[in-house]
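Numbering (UniProt numbering), first residue to last: 1 to 490. Scroll down for the structure; my scribbles are underneath it.
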Amino acid sequence: MKASILFGIACVGSCISGSNAGLFGGSDDNSKSTRVENPQAAPFKLDYKLSFKKPYYYNSTVPFWQTSGDVIKAEDFIRLAPSVPGSKGQIWSTIPNSHAEWEVNMQLRISGQHVGGGRGMAFWYAAEPNQDGPIFGSKDKWNGLGIWFDSYNPKTKSPMTMALVNDGTKQFASKVDPTQHMLGSCFQNYRNTYEPLYVKVTYRNKTLSVLMDRENRGSSYRHCFRKQDVELPTGYFFGLSASSQNPADDHDVITLETWELNPPAKLSHLNRPMEAEKVKKGQKFEGLDDVQKQKIEEISHKVNMLREMAGEKEAGDQTLIGMGAVLDQQHRLVEELKMVQLQLQTLGAPGAEDIASGNIEDILKPRTRPPSGATGSGSSPDQGRPLDSSSQVVLEQLIKRLRDQESQVMNILNGIGRLENGIRSMENLQAENTLKLTTLLSSSKPDNAKKGTSSVMTFIAYFFIAQIVAFAAAFGYYKFRVQQNDKKFM
């Protein structure tokens, strides 16, 4: 019964607590159901769908990007336009940009075998993506931003970088001079450089800035230009295009990464029951009506009552458990006291019946053995008590025997020690004889070597035989002593 009550409380209580936390609430603005995941948001966040880098491809395509024209997809780069006169190509994102402030980091390479450049490439942020045209392989009269990397400007005869904003009306291919409408420009020779050209395009607070690094792999950027009050709406597409004329160059893009600047703190709302499933199916989750809320309040009141009842019953059960533990401990103490009493009675202490009858003094008096001629037919309460004196005698005999055995053990140990000393003296004697023998052998003459060798071998044989006899005698003496001691113990 108790288990079912507690299970019911747990189930219903979780629902009630969830309703208090906004699980059943009808409003999405409940502060209790909203949680800030990153209150201190990072100043920038990578948008992987608007980026690509090595390895570029999945199923031979760049995810979230589309290519057109004469694009060559290599393992280490994407070549928009090869060094073939008249070739051109593009790569555009298929997802529009939703960030009000952003930054694009690129790695580009323009290389060729001729002295002059073969036109160049361009970075786009335009409303209409992937449109073929004469402006670096992309559409003229575009709507948005274009940053041109002109590797050989016809007027300046040197590489030039410029930025322009078009509203879809200006035609730069034939009629309009782009230098009269550019936001900013700079001159940096990024053709045939040892390292790729690192470009950073930043749009923040309606300010467009372009930085470039052609020598230090992005560790030392230089300002190209900076322009304020530039209007670039969201919803446009990022892209790159390139074209080759005569002489022609290779135009490669290695990396493009798009970063969201100053992302807002992400708010997460706790899902209500079945909300995730309905949202996944495209359905709208509706809140509870007044009748359902009233039922929840009634169930909450009943749950609180059940909790109070369960708490009182649990407290009573805990009291009973504590009393049972105390009672069990008392039983153990009584059993231990009984064991102690039995041990005392075996030593001559009065028992419980003697204490109750008042015969303690008679029991505690010294007991004497009755005369040998005295006889009696009746039983006495002290019958069997004279055995205490005999027990004392047996105890004294045991102690005496233990002492004798201890002295015998000491004698055996002393004998073993003497035997060890004898063995050491024999080892020393052997060492001295060996030394003498070595000296004798070293001082003998070469002509008497054979005779000396035979006499020495005879001496060594006799010496080892004497040593074996000595060890056997010592061991026999030791065994004899051990057997004598064992007989004494027996």
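Where is the CB? At the ideal position from N, CA and C, for every residue including glycine.
Q.
Do G116 and Y152 have their beta-carbon atoms positioned less than 7 Å apart in this structure?
A. yes
Q. Quick one: is E312 buried, meaning 16 or more other Cβ sit within 10 Å of its Cβ, or exposed?
A. With fewer than 16 other Cβ atoms within 10 Å, it is exposed.
Q | Segment limits, beta strand (DSSP E) that includes E277 | A | No beta strand (DSSP E) holds E277; the alpha helix (DSSP H) holding it covers 275-280.
**Q.** Cβ shell of I78 (< 6 Å), same chain only, five flanking positions each side left out
**A.** Closer than 6 Å at Cβ, skipping near neighbours: V253.
Q. On the three-state DSSP scale, how would you describe V482?
A. V482 falls in the helix class under three-state DSSP.
Q. Straight-line CA distance for L419 to E406?
A. 20 Å
**Q.** Buried versus exposed call for V469 [16 or more other C-beta atoms within 10 Å across all chains shown]
**A.** exposed
Q: Assuming W102 and E260 form a contact by the criterion Cβ under 8 Å, report the distance between their Cβ atoms to the nearest whole angstrom.
A: 6 Å
**Q.** Neighbourhood of D167 by C-beta, 8 Å cutoff - its chain only, sequence neighbours within 5 removed
**A.** N143
Q.
Once the 5 residues before and after G86 are set aside, which same chain residues still bring their CB inside 6 Å of it?
A. none
Q | Residues of its chain near T234, where Cβ-Cβ distance is below 8 Å and the 5 sequence neighbours each way are ignored | A | Here the set comprises P96, N97, S98, H99, A100.
Q: Express the C-alpha separation of H331 and S372 in angstroms, rounding to a whole number.
A: With a pLDDT of 46 at S372, under the threshold of 50, the predicted position of this residue should be treated as unreliable, though the coordinate-derived value follows. Going by the C-alpha atoms only, they are around 48 Å apart.
Q: Below 8 Å CB to CB, which residues in the same chain sit around A474 once its five sequence neighbours on both sides are set aside?
A: L419, G422, I423
Q.
Here's the rule: buried if 16 or more other CB atoms are within 10 angstroms of the residue's CB, otherwise exposed. What is L333?
A. exposed
Q: Give me whichever residues DSSP pairs with T255 in a beta bridge.
A: Q107
Q) Rounded to whole angstroms, how far is the Cβ of A74 from the Cβ of S244, which I believe are closer than 8 Å? A) That belief does not hold up - the Cβ atoms of A74 and S244 are roughly 16 Å apart, past 8 Å.
Q: Below 8 Å CB to CB, which residues in the same chain sit around F480 once its five sequence neighbours on both sides are set aside?
A: none
(Q) Please state the DSSP three-state secondary structure of D76. (A) coil
Q. Three-state secondary structure (DSSP) at I416?
A. helix
Q: Go ahead and pull the three-state DSSP assignment for D150.
A: strand
Q. Does the distance from the CB of G218 to the CB of Y236 come in under 7 Å?
A. no
Q: Measure how close the beta-carbons of N130 and Q66 come, nearest whole angstrom, since I'm counting them as under 8 Å.
A: 6 Å
Q: Mind checking who W142 pairs with in its DSSP beta bridge?
A: The partner list for W142 (beta bridge, DSSP) is empty, contrary to what the question assumes.
Q) Hey, F238 and Y125: beta-carbon distance below 7 Å or not? A) yes
Q. For R191, which beta-bridge partners are listed by DSSP?
A. R191 is bridged to I110.
Q. Which residues bound the beta strand (DSSP E) around I95?
A. Here I95 belongs to no beta strand (DSSP E), and DSSP marks it neither H nor E.
Q.
For a test of the three-state rule: what should DSSP assign to H223, helix, strand or coil?
A. strand
**Q.** Integer-rounded CB distance, given that Y203 should sit under 8 Å from L232
**A.** 6 Å
(Q) Does N166 come out as helix, strand or coil in the three-state DSSP assignment? (A) strand
(Q) Assuming G120 is part of the beta strand (DSSP E), what are its boundary residues? (A) 119-126
Q. Given that a residue counts as buried once 16 or more other Cβ atoms are within 10 Å of its Cβ, and exposed if not, what is F471?
A. exposed
Q.
Is the separation between the beta-carbon of Q107 and that of G137 shorter than 7 Å?
A. Note that the C-beta distance between Q107 and G137 is not below 7 Å.
(Q) Distance cutoff 7 Å, beta carbons only. Does F44 sit that close to anything in chain E? (A) Of the chains in the structure shown, none is chain E; there is only one protein chain.
(Q) Would S68 and A248 qualify as a contact pair, given that the criterion is a beta-carbon distance under 7 Å? (A) no
Q. To which residues of the same chain is M212 closer than 8 Å at the C-beta, ignoring the five residues directly before and after it?
A. Around M212: T161, C186, Q188, Y190, L197, Y198, V199, K200, Y221, R222, C224.
Q. Going by beta carbon distance, what residues of the same chain come within less than 7 Å of T258, once the five residues before and after it are set aside?
A. D47, L50, S51, W102, V104, F238
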